[in-house]
Amino acid sequence: MFTNKNLVKISSFKALIAEKEKIENFSIKSYIEYSRKEINQKLQENPFSYLNIISSDEKTQSNHFKKVAENLKKFKEKNILKTKDDSIYIYQQVTKKRTFTGLICGVSTNDYKNKKIKIHEKTIEKRENLFKEYLSKCKILAEPILLTYKKNEIIELFIQKKIKSKPYIKFKSKDKKEHILWKIDSTREISTIKQHFISINLYLADGHHRMASTFLYNQENKVNNNCLAYIISESHISLESFYRVIKDINQKQKLKLIEFLKEKFRLKKGKVDLLIEKNKINIYLDNRWHNISLINDKNQLMVQTLSEKILKPFFKIKNIRDSNIIEFVPESKFKLNKMIKSEDIVFCLPSIEIERIFQFANENKTMPPKSTYIRPKLRTGLLMMELK
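Just so we're aligned: the sequence shown equals residues 79 to 466 in the numbering used here.
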């Protein structure tokens, strides 16, 4: 039997959203995916872009945040952005290979505090406080955290039935992805959705720092108890590996690494196998592919094994967050000929299964940084939540 203490609370919210005819030009991909040149070009070409809100020439972080708040206010005053009535949204992202469908709504930050929303990643206090300061000045959540749950047929049927109706908004972004929104604003349907989630465990897939910062902001202000979330079934989520690229390694070090690997493992030469076996790591070293097999503790992730058996002892990388010789490239974005120089070494790992994320979260364990690259990646500014 479920009591109120057990329940995760989801809620409708008053979305701040661009006018229908401007939403395609307003919303953006993640800010970090733009080069400085691309940002400057978009600022000149598109006065309606969300980039025009978050860009400024201010020198200090505090003044920059104030400028963002001013820019946001101007967009609202010009009616480019409008606040809608209480709703929950179904959002679908269609790519060449996958279709992602889930709900955009509010979730309680108290549920995060009380560990009803389960996490698998540690956060950095400095980053938490920086984004909390941003929220204090700007009072806007422009990108939802990503939550997932174990497949549920009742929720799936509800969503599939609803998406047969006419969409509220539909457009295609320049990266060829299709974005579709259905608005659910009837009290009866909102109540039905909430009821469906009564017995559901939610897992934080992406956005641990945003969640932590929003909780800190809400705790300090004692007015809000909400965070913007995209909730998607495990069957709609995509998990990839982050490849580890060790930069600028000289020939002498490479030869030493080959000897180290031969001594510790069974090193084989060969072509890269994109479907990496569970206990294998593909290595691009000295302009050719190799692979090694590892006897891995079933309770340990391959990223942990790689760190402990190769990165720490050979490269002296104790904390991958602080290292300046390692880069992380998502599996789907890895292009050998364009990205990798002859001086680089690449470690390609098998992807982690969603069940492992559930396992770590349920056991209150955390995964190492950059353990997995999770999709979908949502557009910033598509639906926004204002904070008080």
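Positions of the beta carbon are idealized from the N, C-alpha and C atoms, including for glycine.
State the start and end residues of the unbroken alpha helix (DSSP H) segment that holds residue i.
{"i": "Y281", "result": "Run containing Y281: none in the alpha helix (DSSP H); it sits in the beta strand (DSSP E), 280-284."}
{"i": "A147", "result": "139-155"}
{"i": "T226", "result": "Run containing T226: none in the alpha helix (DSSP H); it sits in the beta strand (DSSP E), 223-227."}
{"i": "V381", "result": "380-384"}
{"i": "F19", "result": "For residue 19 there is no data in the structure shown, the boundaries of the chain being 79 and 466."}
{"i": "K120", "result": "114-123"}
{"i": "F393", "result": "Element bounds for F393: n/a, residue is neither H nor E."}
{"i": "F209", "result": "203-216"}
{"i": "I268", "result": "265-274"}
{"i": "C415", "result": "Checking the sequence, you will find Asn at residue 415 rather than Cys. Start and end: 414-417."}
Using the DSSP secondary-structure output, state which residues sit across from residue i in a beta bridge.
{"i": "N369", "result": "K346, N360"}
{"i": "Y169", "result": "G180, L259"}
{"i": "I195", "result": "L280"}
{"i": "A307", "result": "C183, I223"}
{"i": "I88", "result": "V185"}
{"i": "P408", "result": "F320"}
{"i": "T51", "result": "Look at the range of the chain in this structure, 79 to 466, and you will see that residue 51 is not part of it."}
{"i": "I106", "result": "T458"}
{"i": "D164", "result": "K92"}
{"i": "L159", "result": "A96"}
If you measure between the beta carbons of residue i and residue j, is that distance less than 8 Å?
{"i": "S214", "j": "K455", "result": "no"}
{"i": "I361", "j": "V424", "result": "yes"}
{"i": "D422", "j": "V323", "result": "yes"}
{"i": "P446", "j": "L363", "result": "no"}
{"i": "I101", "j": "L465", "result": "no"}
{"i": "S269", "j": "V381", "result": "no"}
{"i": "W260", "j": "I182", "result": "no"}
{"i": "L335", "j": "S429", "result": "no"}
{"i": "K92", "j": "K162", "result": "yes"}
{"i": "N303", "j": "T177", "result": "no"}
{"i": "F436", "j": "T444", "result": "no"}
{"i": "K255", "j": "T383", "result": "no"}
{"i": "C305", "j": "G459", "result": "no"}
{"i": "I88", "j": "D284", "result": "no"}
{"i": "R266", "j": "F209", "result": "no"}
{"i": "R457", "j": "S251", "result": "yes"}
{"i": "I106", "j": "L129", "result": "yes"}
{"i": "L345", "j": "N357", "result": "no"}
{"i": "L282", "j": "I223", "result": "yes"}
{"i": "K152", "j": "E97", "result": "no"}
{"i": "S277", "j": "L427", "result": "no"}
{"i": "K248", "j": "I258", "result": "yes"}
{"i": "S133", "j": "I117", "result": "yes"}
{"i": "I390", "j": "K396", "result": "The sequence as given places Lys at residue 390; Ile does not occur at that position. Yes, the pair counts as a contact, with Cβ atoms nearer than the cut-off."}
{"i": "Y308", "j": "L225", "result": "yes"}
Kindly indicate which residue of the options has the alpha-carbon position closest to the one of residue i.
{"i": "E221", "options": "I435, I95, L384", "result": "I95"}
{"i": "Q297", "options": "E234, N207, L333", "result": "N207"}
{"i": "L85", "options": "Q273, K390, T177, K229", "result": "Q273"}
{"i": "E99", "options": "S127, I110, T187", "result": "S127"}
{"i": "N103", "options": "K115, K87, K120", "result": "K120"}
{"i": "K193", "options": "R266, R205, F293, F209", "result": "F293"}
{"i": "K518", "options": "K196, S264, R205, E211", "result": "Residue 518 is absent from the model: the chain starts at 79 and stops at 466."}
{"i": "S264", "options": "F343, H257, I166, S420", "result": "I166"}
{"i": "T179", "options": "K242, N415, N440, L384", "result": "K242"}
{"i": "K332", "options": "K210, D135, N365", "result": "N365"}
{"i": "K347", "options": "K330, K358, N357, H368", "result": "H368"}
{"i": "N279", "options": "N130, I158, Y190", "result": "Y190"}
{"i": "Q170", "options": "I359, F392, K325, I310", "result": "I310"}
{"i": "E203", "options": "Q329, K330, Y246, S291", "result": "S291"}
{"i": "E431", "options": "K419, E312, Y112, D400", "result": "E312"}
{"i": "I315", "options": "L150, L389, K175", "result": "K175"}
{"i": "N442", "options": "L150, I131, H198, P125", "result": "H198"}
{"i": "I131", "options": "L150, I117, M462", "result": "L150"}
{"i": "Y321", "options": "P408, T138, S134, E123", "result": "P408"}
{"i": "D326", "options": "I110, M417, N230", "result": "M417"}
{"i": "A147", "options": "E211, N230, F343", "result": "E211"}
{"i": "S420", "options": "I398, N328, I359, S90", "result": "N328"}
Provide the residue span of the beta strand (DSSP E) that contains residue i, from first to last.
{"i": "R453", "result": "451-453"}
{"i": "A96", "result": "91-96"}
{"i": "L317", "result": "316-318"}
{"i": "E464", "result": "462-464"}
{"i": "I423", "result": "423-426"}
{"i": "I241", "result": "From DSSP, I241 is part of no beta strand (DSSP E); its letter is neither H nor E."}
{"i": "F126", "result": "First-last for F126: undefined, no H or E at that position."}
{"i": "I247", "result": "247-250"}
Can you find a CB in chain D that lies within less than 8 Å of the CB of residue i?
{"i": "K92", "result": "The structure shown has no chain D; it contains just one protein chain."}
Worksheet item: Given 8 Å as the limit, is there contact between the segment 338-346 and the segment 394-408, that is, 3 or more CB pairs closer than that?
Response: no
Fill in: Segment contact, 8 Å Cβ cut-off, at least three pairs: the segment 229-249 with the segment 135-152
no
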